[in-house]
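J.:
In the numbering used here, the protein residues as written are 80 to 451.
1. Below 8 Å, how does it come out for the region 198-211 and the region 233-243: are there three or more Cβ pairs, yes or no?
2. Could you tell me whether the Cβ atoms of residue 335 and residue 302 are closer together than 7 Å?
3. How about residue 156 and residue 231: do their beta carbons lie closer than 7 Å?
4. Taking 7 Å as the cut-off, decide whether the C-beta atoms of residue 382 and residue 285 are in contact.
5. Could you please give me the residues that DSSP links to residue 384 through a beta bridge?
6. Could you spell out the range, first to last residue, of the alpha helix (DSSP H) harbouring residue 234?
7. By alpha-carbon positions, which one of 340, 342 and 313 ends up nearest to residue 328?
8. Which term fits residue 164, buried or exposed, when burial requires 16 or more other beta carbons within 10 angstroms of its beta carbon?
9. If you follow the alpha helix (DSSP H) that residue 370 is in, where does it begin and where does it stop?
10. Could you tell me which of 371, 354, 379 and 333 sits nearest to residue 187, measuring between CA atoms?
11. Would residue 42 and residue 388 qualify as a contact pair, given that the criterion is a beta-carbon distance under 7 Å?
12. If we require 4 or more residues per run, which alpha helix (DSSP H) segments fall completely within the region 153-191?
13. Report the rounded CA-to-CA distance for residue 98 versus residue 145, giving the unit in angstroms.
14. With C-beta atoms as the reference, is residue 402 less than 7 Å away from residue 430?
15. If you draw a straight line from the alpha carbon of residue 182 to that of residue 443, how long is it in whole angstroms?
16. Thinking just about the alpha-carbon of each residue, which of 247, 172, 448 and 135 is nearest to the one in residue 281?
17. What residue range does the beta strand (DSSP E) around residue 117 cover?
18. State the Cα-Cα distance for the pair residue 420 and residue 253, rounded to the nearest angstrom.
19. Answer yes or no: do residue 299 and residue 292 have a C-beta to C-beta separation smaller than 7 Å?
20. Among residues of its own chain, excluding the 5 on either side of residue 295, which ones have a beta-carbon nearer than 6 Å to its beta-carbon?
21. Between which two residues does the beta strand (DSSP E) holding residue 277 run?
22. Identify, in the order they occur along the chain, each residue of the same chain with its Cβ nearer than 8 Å to the Cβ of residue 283, setting aside the five sequence neighbours on each side.
23. Determine the DSSP secondary structure at residue 145, reduced to helix, strand or coil.
24. Look at residue 449 and residue 153 and say whether their C-beta atoms are less than 7 Å apart.
25. May I ask you to report which of helix, strand or coil DSSP gives residue 303?
26. Is it true that the CB of residue 120 sits closer than 7 Å to the CB of residue 142?
27. Can you give me the Cβ contacts of residue 217 inside the same chain, cut-off strictly under 6 Å, excluding the 5 residues immediately before and after it?
28. If you reduce the DSSP assignment to three classes, tell me which class residue 218 lands in.
29. Which of helix, strand or coil does DSSP assign to residue 98?
30. Considering only their Cβ atoms, is the gap separating residue 396 from residue 418 smaller than 7 Å?
31. Three or more C-beta pairs under 8 Å: does that hold for the region 173-181 against the region 108-115?
32. With 16 other CB atoms within 10 Å as the buried threshold, where does residue 133 fall?
33. For residue 213 and residue 346, I'd like the C-alpha separation in whole angstroms.
34. Below 7 Å between beta carbons: does that hold for residue 135 and residue 195?
35. Do you know how far the Cα of residue 439 is from the Cα of residue 415?
36. Give me the residue from 92, 81, 116 and 94 with the minimum Cα distance to residue 102.
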């Protein structure tokens, strides 16, 4: 019996994992840009005839309609911005209204996720629908990490650092507790490097600070997002007649690796390109990651373990090597062979900081949120 379906909705992608009798049954990864899908596990015959339409909500509904859903099945969704929610929430009208209010802070992720949620809630009104939030992992951070140097009144109105990639961080810490239980209780830095990217400092299993803040724009340079930017740039552009929609388009969709290179937002494309612009974008990305790692290490007074995760970190040895070389002054010693072979531990036994590559499993975190 299918009991939990977890859905991770991106701006142009959809990951669905199906659990039957509390065991993983099958999963689907759908790329709406390339219009490709990949299935794994015990695939029901009904899915073999399913085809992508290119519409996120329609594709999610049509795919799930081919599964033997029961009244006892639950749906679990990844929602990037949960505001002040500290744990998963059963979706209802007030919760949806709050998530809609937060949508402008992550326009690449929240609107498509809410679109899928509403479509499935309408299609399956008898089932329980649960949202788990990327922000929840960071909700208990100290005020030193959450506040901006702005008047207290603005902080009380919700202008603060929320942090993101929390489900990924939860997954990494869960895995680390099994692989390296002593390290998991120490000073851990998690670098989630994908089309979206952030670094999080964790001490004794709890988030202490992270590079993303009020919105998903802050911190590291990303695929099309600018990362850290002097607010004075925005004031200047406003004085030059730029309006909010134009600024939003610039910061969310025209910046980052795409803006730096003028070529692509995809790290794979840039690594394969021999132009100076592509090399500059890659170098810029790697240096910013190294800088953020060092910055956040100060918050937890050091680093016992650095975990690299996300699509770029898991698959691009060249990027990992560049980042780790810039951390050599901290005593990081990379095992070149292990790095090239994408092994779990890529640091030398002599390294002052243990460096691991772990594949994040946000789908399983969604499953646990619904199960519990």
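Don't be surprised by glycine CBs; every beta carbon is placed ideally from N, CA and C.
T.: Taking the coordinates as given:
1. Fewer than three Cβ pairs drawn from the region 198-211 and the region 233-243 lie within less than 8 Å of each other, which leaves the two stretches out of contact.
2. What you label residue 335 is simply residue 256 of the chain shown in a count that begins at 1. What you label residue 302 is simply residue 223 of the chain shown in a count that begins at 1. Against a cut-off of 7 Å, the Cβ pair of residue 302 and residue 335 comes out as a contact.
3. In the chain shown, residue 156 corresponds to position 77, counting from 1. In the chain shown, residue 231 corresponds to position 152, counting from 1. Taking the C-beta atoms as reference points, residue 231 is found no nearer than 7 Å to residue 156.
4. Counted from its first residue, the chain shown places residue 382 at position 303. Counted from its first residue, the chain shown places residue 285 at position 206. Result no, Cβ atoms of residue 382 and residue 285 do not sit closer than 7 Å.
5. As a first step, residue 384 is located in the chain shown; it is residue number 305 there, counting from the start. Answer is 267 and 433, bridged to residue 384.
6. For the purposes of this step, residue 234 is identified with residue 155 of the chain shown, where counting begins at 1. Per DSSP, the continuous alpha helix (DSSP H) segment holding residue 234 begins and ends at 231-235.
7. Residue mapping note: residue 328 aligns to position 249 of the chain shown, counting from 1. For residue 328, the nearest C-alpha among the options comes from 313.
8. Locating residue 164 in the chain shown gives position 85, where the first residue counts as 1. With 16 or more neighbouring CB atoms inside 10 Å of its own CB, residue 164 falls in the buried class.
9. Position 291 of the chain shown, counted from the start, is the residue given in the question as residue 370. Here the alpha helix (DSSP H) through residue 370 covers 355-378.
10. Numbered from 1 along the chain shown, position 108 holds the residue referred to as residue 187. Distances from the alpha-carbon of residue 187 to those of 371, 354, 379 and 333 put 333 closest.
11. There is no way to answer for residue 42, as the model of the chain reaches only from 80 to 451.
12. The qualifying runs are 172-181.
13. The residue labelled residue 98 in the question sits at position 19 within the chain shown. The residue labelled residue 145 in the question sits at position 66 within the chain shown. Cα atoms of residue 98 and residue 145: separation of roughly 15 Å, rounded to the nearest angstrom.
14. One-based indexing of the chain shown puts residue 402 at position 323. One-based indexing of the chain shown puts residue 430 at position 351. In this structure, residue 430 does not lie closer than 7 Å to residue 402 by Cβ.
15. Taking the first residue of the chain shown as position 1, residue 182 is located at position 103. Taking the first residue of the chain shown as position 1, residue 443 is located at position 364. Residue 182 and residue 443: Cα-Cα distance of roughly 24 Å.
16. Counting from one through the chain shown, the residue named residue 281 turns up at place 202. Nearest of 247, 172, 448 and 135 to residue 281, Cα basis: 247.
17. For the purposes of this step, residue 117 is taken as the residue at position 38 of the chain shown. If you look at residue 117, you'll find it in the beta strand (DSSP E) that goes 115-120.
18. By one-based count along the chain shown, residue 420 stands at place 341. By one-based count along the chain shown, residue 253 stands at place 174. One Cα belongs to residue 420, the other to residue 253, and the distance between them is close to 24 Å.
19. As a position in the chain shown, residue 299 is number 220, starting the count at 1. As a position in the chain shown, residue 292 is number 213, starting the count at 1. No, these two residues do not count as a Cβ contact at 7 Å.
20. Translated into the one-based positions of the chain shown, residue 295 becomes position 216. Excluding residues within five positions, the ones whose Cβ falls inside 6 Å are 185 and 243.
21. In the chain shown, the residue the question calls residue 277 occupies position 198. That run of the beta strand (DSSP E) goes 276-282.
22. Counting from 1 along the chain shown, the entry for residue 283 is found at position 204. Residues of the same chain with a CB within less than 8 Å of the CB of residue 283, apart from the 5 flanking positions on each side, are 264 and 265 in chain order.
23. Stepping through the chain shown from its first residue, residue 145 is reached at position 66. In the structure shown, the three-state DSSP call for residue 145 is coil.
24. In the chain shown, counting from the first residue as 1, residue 449 sits at position 370. In the chain shown, counting from the first residue as 1, residue 153 sits at position 74. Cβ distance < 7 Å, so residue 449 and residue 153 count as in contact.
25. Within the chain shown, residue 303 is the residue found at index 224, counting from 1. Coil at residue 303, not helix or strand.
26. Here residue 142 corresponds to residue number 63 of the chain shown, with the count starting at 1. Here residue 120 corresponds to residue number 41 of the chain shown, with the count starting at 1. No, Cβ-Cβ distance for residue 142 and residue 120 is not below 7 Å.
27. Residue mapping note: residue 217 aligns to position 138 of the chain shown, counting from 1. Hits under 6 Å: 242, 245, 286 and 289.
28. Numbered from 1 along the chain shown, position 139 holds the residue referred to as residue 218. In this structure, residue 218 counts as coil in the three-state DSSP scheme.
29. For the purposes of this step, residue 98 is taken as residue 19 along the chain shown, with counting starting at 1. Strand at residue 98.
30. Stepping through the chain shown from its first residue, residue 418 is reached at position 339. Stepping through the chain shown from its first residue, residue 396 is reached at position 317. One thing to note: residue 418 has its Cβ within 7 Å of the Cβ of residue 396.
31. Cβ pair count under 8 Å is below three, so no.
32. Locating residue 133 in the chain shown gives position 54, where the first residue counts as 1. It is exposed - the Cβ of residue 133 has fewer than 16 other Cβ atoms within 10 Å.
33. As a position in the chain shown, residue 213 is number 134, starting the count at 1. As a position in the chain shown, residue 346 is number 267, starting the count at 1. Computed Cα separation, rounded: 24 Å.
34. Position 56 of the chain shown, counted from the start, is the residue given in the question as residue 135. Position 116 of the chain shown, counted from the start, is the residue given in the question as residue 195. It is a contact, given that the beta carbons lie within the stated cut-off.
35. In the chain shown, counting from the first residue as 1, residue 415 sits at position 336. In the chain shown, counting from the first residue as 1, residue 439 sits at position 360. In this model, residue 415 and residue 439 are separated by some 23 Å (Cα to Cα).
36. By one-based count along the chain shown, residue 102 stands at place 23. Of the candidates 92, 81, 116 and 94, 81 places its Cα closest to the Cα of residue 102.
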